[in-house]
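Structure first, commentary second.
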Amino acid sequence: MKKQTEKQQKKREPKKLSRRQFLGAVAATTAIAGLAGCDMGENTGGSGWLPKQYRSAANWPIQLKGRVPVDPENPSIVRRDDACILCGQCIEVCQNVQNIHGYYELPVKNEFMCVNCGQCALWCPTASIYERSHIDRVREAILNPDMTVIVQTAPATRVSIGEEFGLDMGTWMEGQQVAALRRLGFDVVLDTNFAADLTIMEEGTELVKRVTSGSAVLPQFTSCCPGWVKFLEFFYPELIPNLSTAKSPMQMFGSMLKTYYAKKQNIDPKKIYSVAVMPCISKKMEASRPEFKTVAEYYNDDSMKDIDAVLSVREFAIMLKEAGIDLPSLPEEDYDSIMGEASGAGLIFGSTGGVMEAALRSAYYLMTGTNLPEDKLDIKAVRGLQGIKEATVNVPGVGDVKVAVCAGLSNARALCEMVKAGKVDYHFIEVMACPGGCISGGGQPRTTVPPSDDMRQKRLESIYAKDAIYKLRMSHQNPEILQAYKEFLGEPGSHLAEDLLHTYYISRAEDVTPKKFN
Amino acid sequence: MKDTTAQAKNKISFKITPARGILLVLGLLSICLIVYRLINGLGVTTNLNDQWPWGLWIFIDLAAIALAGCGFSIAVITHVFHIKKFKPLTRRALLLSFLLYIVALLILFIEIGRWDNFYTPIYSFAFTSPLYEVFMCIVLYFLMQAIELLDISIERFNPPARSKISKIMPVVVIIACLLPFGHQASLGAMYLGMPQKLSAIWSSAFLPWSFLINSFFAGLAVVVLEYHFFSKHYRQPKDNAMMTGLTRVIAVIMLGYFVLKIIDLAARGAFGLVFDGSLEGNMFLLEMVIGVIIPIIFGLSSLVKKTSGQIFMATFVVIGLLLSRFNVIFVGMIKTLGNSYVPSWIEIAVIPGLFALAIFIYLFAVENLPIFQAANREYDAFAGREKHAGYEVVSK
Amino acid sequence: MTEANTNRGVLFDVKQCIGCGSCTVACKLWNDLGYEKPDVAGNAHGFDVELTDKNWTIVTYNREKDANGKDVLRFLKNQCMHCKEPACISVCFAHALYIDENGAVVCDPAKCAGCRYCMIACPYSVPKYEWDKVFPSIQKCQMCDSKIAAGEATSCSAVCPTGALTFGDRDELLALAKKKIAADPSYVNHVYGETEGGGTRWLYISDVPFEKLGLPINVPNTPINDYLHGYLKYTPVVFLGGGALFAALSIYTKRRAKVAGHGEGDE
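Residue numbers (this note's numbering), protein chains in the order written: chain G, 1 to 518; chain H, 1001 to 1396; chain S, 2001 to 2267.
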């Protein structure tokens, strides 16, 4: 009854206002005119299509809605609205898998919150979200006869590119990939795996220092994944000292290419165009980070960049198809030298746990002076798609080295919280932003929506299968690495190595207010 | 030429000279452009856009309607106040005004995006809209003018029948005197609703009355120009004293207008804006100096005793009126709407032809209807074909 | 069926908006509006657009300073404000625009004569025109009238992932907005739309000044209709009074002329 009178009152209220009444009368005349046979036109208010979840009565909660924000200047990701159907998948992966959306307080500060991991691009069923294309600039460089266009290929691209040509998931395509890149017009084809080995040397040395000095900040976090690094800078800036100062393999490669390689091969470094084929689009962001101006500083020339362009596997496939290159039918070719040789340790960087395994293989050597026995090289505990894995490796003379591996930023968040709370005493933690690591990176071929563990497992197995039959399985065995140290860098952690291969991080605490969860 | 036969009396005669041919060609060109516009829509033919939905055609409309104020200003003077001395101007002012309304309505017809719906406002009864008042007043006024011209035509072609409608003529005339007060002022009122867009120099509750008054005196100035031009064209004797008197009337009304404008600005504290050196301020000063102050000085001095002085003053008044409309439509809005509009060639090209057509019809009407009247009654009595022989084109 | 409520509204909380643009997509989908061609980089729509006949709502992004002088990124959703006493309706001489039974301001193209007065008169410059059509119509947000009628929220507020848009009863939204402002001193102490132009159905609260986001702050609180009424109310006076006056004057001056001996008839 009370409700009724309230309603009546509400209804009566407008009558106090003569103007409203007037407008009502206006509406009434309109209605009468309509009845009188004047065409009232089409129905107003739209009659298009919206996903069903948005068609319930007002104010019911909606399980999956909206989409992620994309900065128009995002270096990695672009979106075209005309393909968006508001299915909510991007926001689902961003929030529940990567823990970005919904994990910061509103209002936003001065940035679109994004770690550029590109998982949204993988999950988007209509390809409304995709990578910012570098195809044009690469093509331009290839067509420029003055430029020596040198490409590096990440560990995880060789097990996925085949899928773009109808091959089974995880098909090994290393040799064909090299051949394809040569046919696309790249002058030199080199391997990021080389730089992965280099990373192990630097990061491993850093780890050994931290573990053996006793006073250093532990655990040490890996820093190869730009999405993870940006995530930590946003949400856990207090853990920045824990991040390894070693650059990611791609950036190390970039630094080495225009310095060491250029000198060795006697090429004008200004004439080198450095391209990276990556399973990742966060790498596009990483390449544009202002602190990566190593080459520019080395030569005192601001126009030089460490990495000039980053192609995702998808872009690479587009280029191949446009050029009419049928990848599976190509012969297997070898990488160029130098910086084309790699160990199995460098290769397994492509999967979650790989960096850890590679690092342990070499750290063991660095700490004990002896190699891990052949049968213990497979550190199975850190392999697989489980969110967080941990392992303990007994290093004679040092003791137990406790390590953890996680992939997917939601797992990283959980781990960071544990580290912050002092609940864990790991020495070394590997983090990859994407579930499964780079083999399921944001720049990989699109598969099922959402990407499945089945796919991840197959790509991962392909990598480990290859690692198992590599002759060289430890980074410190890579002769090209040893050569590079001998002829150029000196030793791991040397002054030049610090300059070229290490970096620093910026707290992004100013840009975000992390949400507090209890 | 001078022979006056019964045949000549009822026959329509109009000689097409080369000059008239050009007018006709220009007019036909405009008609073609109008058809092109009606078939292709506004986007194709104009440069109007979402920032500037109103452009050159609205300006020409507002200007033409304001200048067409000659009809009602002379009518008020001669029919309401019965000032005898201006009587000879009544019919020519009426004709001129009627033609200007035709021009305005034609442009309005192509200016509205939905010309197929041009009639819907007639039964919309949108009493909240000044544009509705403008529209209805113009439609009705146009009708009244048509009746008045019909009356003149009957007088020319079938004088006995004139008695049939003469009874309603006083009513028609009074209504016709009245209606323009509605639409001339409402044209200004259209801009009342946008205080946040129109520069404060013009945005005022006084704007409708400002539009009304300046259309009144600008209409008189148009009559001065028309009188001199066509009297010369037809070698008609000119009544210089009458024209001097008319310019004096204009000057006096303008003086009142000027004072009201200043009071309005002062009351709203908008004086600062006028002298702040901005585009708006400078354009307002230009409008006032050219369109008001100089004509007032002329009109109150002995300069207007001469034909040249009268023409000079009237020209300034007309330019001032164009400026006043231009300022409200374009200058006053430029700060909020930006400068994304420049008229397209079609928008511009359609205009001269319409005025050419108006002049063409004017010439035709003058030569076939008793439009020109002398100051004395006797002359009026002969305002049939006899005297009309003399109106025919003598020159060219 | 929910009971008819003509007092609908949407509250836009600038602080909650992350600039995802879901609302603009929802509007496009529900109203079948289509997109302009993507640019060279493949971007279609995004932020680099303006309200047009096909963009009924847009989100702009603004890098501004907040109350503490810090650089902040703020978004603003633009669309028809759905005034309670709309200028567009007041000025429409064809009565094509009207407030429908759900409170939305909508246009009936069958009546529209295309004068575009509404475009000029709207304080927010919302109505847009189909310039590319031969028989164009005024286009703008219709507040998802058909969805509201079915008891649903507007498309844009239904899809908003952060709660920046809240659909509901305008009075309740106003109370909610005021509650938010009272609880959080960082908000500008004004609900935009509460009084602007006599009140709008869309309400805005923000922590940076509204004018910095591009909302016109010089919209008078008086409905535009009042300005027009201030003039139009004299129309009957002018016509009736003026008519009587003119008739009287006419007769008087004529008689005076007759008395003066110049017996002259009216033309």
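We put the beta carbon where it would ideally sit given N, CA and C, even for glycine.
When the Cα of residue i is compared with those of the options, which residue comes out closest?
| i | options | result |
| --- | --- | --- |
| Pro107 of chain G | S:Pro2209, S:Cys2083, S:Ile2120 and S:Thr2162 | S:Thr2162 |
| Thr1078 of chain H | H:Phe1312, H:Leu1220 and H:Tyr1234 | H:Leu1220 |
| Lys2233 of chain S | H:Gly1309, H:Ile1112 and H:Pro1130 | H:Pro1130 |
| Ile318 of chain G | G:Gly369, G:Gly48, G:Leu207 and G:Arg139 | G:Arg139 |
| Leu320 of chain G | G:Asp268, G:Phe234, G:Phe165 and G:Asp301 | G:Phe165 |
| Arg383 of chain G | G:Ser362, G:Leu409, G:Val310 and G:Arg459 | G:Arg459 |
| Gly1055 of chain H | H:Ile1112, H:Val1224 and H:Leu1150 | H:Ile1112 |
| Ala276 of chain G | G:Gly442, G:His134 and G:Val393 | G:His134 |
| Ala323 of chain G | G:Glu105, G:Leu184, G:Met113 and G:Arg508 | G:Leu184 |
| Cys2083 of chain S | S:Thr2166, S:Glu2211, S:Phe2093 and S:Cys2141 | S:Cys2141 |
| Cys2017 of chain S | G:Cys90, G:Val70 and G:Tyr426 | G:Val70 |
| Thr192 of chain G | G:Pro479, G:Arg473 and G:Ser343 | G:Ser343 |
Establish whether the CB of residue i and some CB of chain S are separated by less than 9 angstroms.
| i | result |
| --- | --- |
| Arg55 of chain G | yes |
| Gln1236 of chain H | no |
| Val70 of chain G | yes |
| Met113 of chain G | yes |
| Trp1202 of chain H | no |
| Arg67 of chain G | yes |
| Asp82 of chain G | yes |
| Val310 of chain G | no |
| Ser1278 of chain H | no |
| Ser1073 of chain H | no |
| Asn193 of chain G | no |
| Ile1039 of chain H | yes |
| Tyr1132 of chain H | yes |
| Glu1347 of chain H | no |
| Ile129 of chain G | no |
| Gly443 of chain G | no |
Is it right to say residue i is buried, meaning 16 or more other beta carbons lie within 10 angstroms of its own, or is it exposed?
| i | result |
| --- | --- |
| Tyr1119 of chain H | exposed |
| Val2237 of chain S | exposed |
| Gly523 of chain G | No answer is possible for residue 523 of chain G: it lies beyond the span of chain G, which begins at 1 and ends at 518. |
| Ile1016 of chain H | exposed |
| Leu35 of chain G | Because Leu35 of chain G carries a pLDDT of 43, less than 50, the predicted location of this residue cannot be relied on, and the following value inherits that uncertainty. So Leu35 of chain G ends up on the exposed side. |
| Gln9 of chain G | The pLDDT assigned to Gln9 of chain G is 43, lower than 50, so where the model puts this residue is not dependable, and the model offers no usable value. |
| Glu92 of chain G | buried |
| Asp2132 of chain S | exposed |
Taking CB distances under 9 angstroms as the criterion, tell me whether residue i reaches chain H.
| i | result |
| --- | --- |
| Thr2200 of chain S | no |
| Met2001 of chain S | Caution is warranted here: a pLDDT of 39 is assigned to Met2001 of chain S, below 50, making its placement in the model unreliable, and no coordinate value can be reported. |
| Cys2083 of chain S | no |
| Gly2050 of chain S | Gly is not the amino acid found at residue 2050 of chain S; the sequence shown has Glu there. Yes, Glu2050 of chain S lies at the interface with chain H (some Cβ there is under 9 angstroms from its Cβ). |
Would you please verify whether the beta carbon of residue i is less than 9 angstroms from any beta carbon of chain C?
| i | result |
| --- | --- |
| Thr513 of chain G | Among the chains of the structure shown, chain C does not appear; the protein chains present are G, H and S. |
Shorter than 9 angstroms from the beta carbon of residue i to some beta carbon of chain G?
| i | result |
| --- | --- |
| Glu2152 of chain S | yes |
| Pro2063 of chain S | Looking at the sequence shown, residue 2063 of chain S is not Pro but Arg. With 9 angstroms as the cut-off, Arg2063 of chain S counts as an interface residue toward chain G. |
| Leu2073 of chain S | yes |
| Trp2030 of chain S | yes |
Three or more C-beta pairs under 8 angstroms: does that hold for the segment 440-459 of chain G against the segment 327-342 of chain G? no
Stretch pair the segment 278-286 of chain G + the segment 240-252 of chain G: three plus CB contacts closer than 8 angstroms: yes
Within 8 angstroms, do at least three Cβ pairs link the segment 458-465 of chain G to the segment 350-364 of chain G? yes
Contiguous beta strand (DSSP E) assignments of at least 3 residues, all confined to the segment 222-266 of chain G: none
Three or more C-beta pairs under 8 angstroms: does that hold for the segment 2098-2118 of chain S against the segment 2127-2137 of chain S? yes
Is it the case that the segment 145-158 of chain G contacts the segment 190-202 of chain G, given that we only count it when at least three CB pairs across the two stretches are under 8 angstroms? yes
Three or more beta-carbon pairs under 8 angstroms between the segment 1058-1068 of chain H and the segment 1315-1325 of chain H, yes or no? yes
Quick one: any contact between the segment 1174-1189 of chain H and the segment 1075-1093 of chain H, if contact means 3 or more CB pairs under 8 angstroms? yes
Check whether the segment 2088-2102 of chain S and the segment 2118-2133 of chain S touch, using three or more Cβ-Cβ pairs below 8 angstroms as the test. yes
Would you list, in sequence order, the uninterrupted alpha helix (DSSP H) runs of no fewer than 4 residues that lie entirely inside the segment 265-348 of chain G? 282-287, 294-299, 313-322 and 344-347
With a floor of 4 residues, list each alpha helix (DSSP H) that falls wholly inside the segment 2010-2072 of chain S, ordered by position along the chain. 2022-2030
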